[in-house]
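To keep things clear, I will list the structure first and then write my remarks on it.
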Amino acid sequence: FDMDGTLLDSMGCWQHLGEAYLLSRGIAPERDLDQALAAMSMRESAVWMKKNYGLQEDPERIVADILKSVEERYRMQAPLKPGVRKFLDKCRAERIPMCVVTATPKRYAVPALKRQGVLELFQFVLDCEELPGGKHRPDVYDQASTRLGVPTEFCVVFEDAAHAQQTASRAGYYVIGVDDLSEKIPVADRLAFCDRFIYSFEELSLRDGVLTGGEYGNQGSAETF
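Residue numbers (the working numbering): 1406 to 1630.
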């Protein structure tokens, strides 16, 4: 399972960070600040804000303070998406091995999952800091399937992001796309890389290893775990 936008309604944890940082310093941000920072890395954003807002802190300190606020958001503002807990409990009851594969550093992911009471349902949490390329390469999924002891063709990947769905699909995984408002690519286009697509985990039913519910994509209709 992916985490942000799939298991957790947590994409907001990464939004308006520059604005929040400036406000915490008593500085009014410009209206289009998010747009100005959108294509920058976090350090580049820190350098830009220091220059444009006359901040006294060095970029490294700015980044550290912003990341601290992200950590706090994950602790306090990252609820499970509807139907997730019930579905995970059902998978656990049917002894289906599960893990989390996330681009979010484990120092944020683990406390967030623990706070929601689902951390113990997973064999492990794997973050993309452990492998180069993130979810633009299949390495992170291959590592997860190896650690689970489950061959690729029997692994199901739940992802909300189009690029991750595409990566997993091309690597031979059964992909269930999960809708999230943060993903701007139309569902019709994402279906090309999804075996199945859901708007909520409440659509899914699992009984004796057979999964039903959701909308079929263009890759097939395998149903048995």
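Note that CB positions come from ideal geometry on N, CA and C, so glycine has one too.
Cα-Cα separation between residue i and residue j, rounded to whole angstroms
i: I1467; j: R1490; result: 36 Å
i: G1577; j: N1457; result: 47 Å
i: R1436; j: G1423; result: 12 Å
i: G1431; j: C1533; result: 35 Å
i: G1539; j: S1610; result: 30 Å
i: C1496; j: V1561; result: 12 Å
i: H1541; j: H1568; result: 7 Å
i: A1441; j: I1590; result: 21 Å
i: L1427; j: W1453; result: 12 Å
i: L1524; j: L1412; result: 11 Å
i: A1444; j: T1551; result: 34 Å
i: L1472; j: V1592; result: 31 Å
i: L1417; j: E1499; result: Before going further, note that residue 1417 is Gly rather than Leu in the sequence given. So the alpha carbons of these two residues sit roughly 33 Å apart.
i: P1434; j: G1618; result: 45 Å
i: G1488; j: E1462; result: 43 Å
i: L1586; j: E1476; result: 22 Å
i: S1474; j: Y1604; result: 29 Å
i: A1377; j: R1478; result: The displayed coordinates of the chain run from 1406 to 1630. Any statement about residue 1377 would go beyond what the structure contains.
i: R1612; j: P1556; result: 22 Å
i: R1448; j: K1455; result: 10 Å
i: A1566; j: D1594; result: 12 Å
Residue range of the alpha helix (DSSP H) that includes residue i
i: D1544; result: D1544 to L1553
i: D1494; result: V1489 to A1498
i: D1463; result: Counting along the chain, D1463 falls outside any alpha helix (DSSP H), and DSSP gives it neither H nor E.
i: V1592; result: V1592 to R1595
i: K1540; result: Note, K1540: premise wrong, no alpha helix (DSSP H); not H, not E.
i: P1634; result: Outside the displayed range of the chain (1406 to 1630) lies residue 1634, so it cannot be described from this structure.
i: A1483; result: A1483 -> no alpha helix (DSSP H), and no H or E assigned at all.
Beta strand (DSSP E) segment containing residue i, residue limits
i: F1563; result: V1561 to E1564
i: T1617; result: V1615 to T1617
i: Y1579; result: Y1579 to V1583
i: I1603; result: R1601 to I1603
i: T1507; result: V1505 to T1507
i: R1612; result: S1610 to R1612
i: D1532; result: V1530 to D1532
Of the listed residues the options, nearest to residue i (C-alpha basis)
i: P1516; options: M1503, P1537, A1443 and P1484; result: P1484
i: L1493; options: P1556, Q1528, E1435 and D1565; result: Q1528
i: S1574; options: K1589, F1602 and L1553; result: F1602
i: G1522; options: R1480, E1607 and E1499; result: R1480
i: A1425; options: P1537, D1439 and S1415; result: D1439
i: E1620; options: G1614, V1506, L1536 and V1583; result: V1583
i: S1446; options: E1465, D1585 and L1460; result: E1465
i: G1554; options: C1504, L1460 and D1414; result: C1504
i: E1564; options: Q1482, L1596, L1536 and G1618; result: L1596
i: E1535; options: D1470, T1509, F1606 and I1501; result: T1509
i: F1598; options: G1614, Q1420, T1572 and E1588; result: T1572
i: L1526; options: R1520, Y1604 and P1502; result: P1502
i: V1615; options: D1594, F1559, Q1570 and S1605; result: F1559
i: E1607; options: V1530, D1594, K1486 and K1519; result: K1486
Proximity test, residue i beta-carbon vs the ligand ZN heavy atom, cut-off 7 Å
i: R1595; result: Absence of the ligand ZN is noted for the structure shown, with no ligands found whatsoever.
Stretch pair the stretch 1406–1413 + the stretch 1508–1523: three plus CB contacts closer than 8 Å | Short answer: they touch.
Would the stretch 1541–1560 and the stretch 1571–1587 be scored as touching if the rule is three or more Cβ pairs under 8 Å?
-> They touch, by the three-pair rule.
List in chain order: all unbroken alpha helix (DSSP H) runs of 4+ residues lying wholly within the stretch 1414–1447.
-> Those alpha helix (DSSP H) runs which fall completely within the stretch 1414–1447 and span 4+ residues are 1422–1429 and 1438–1442.
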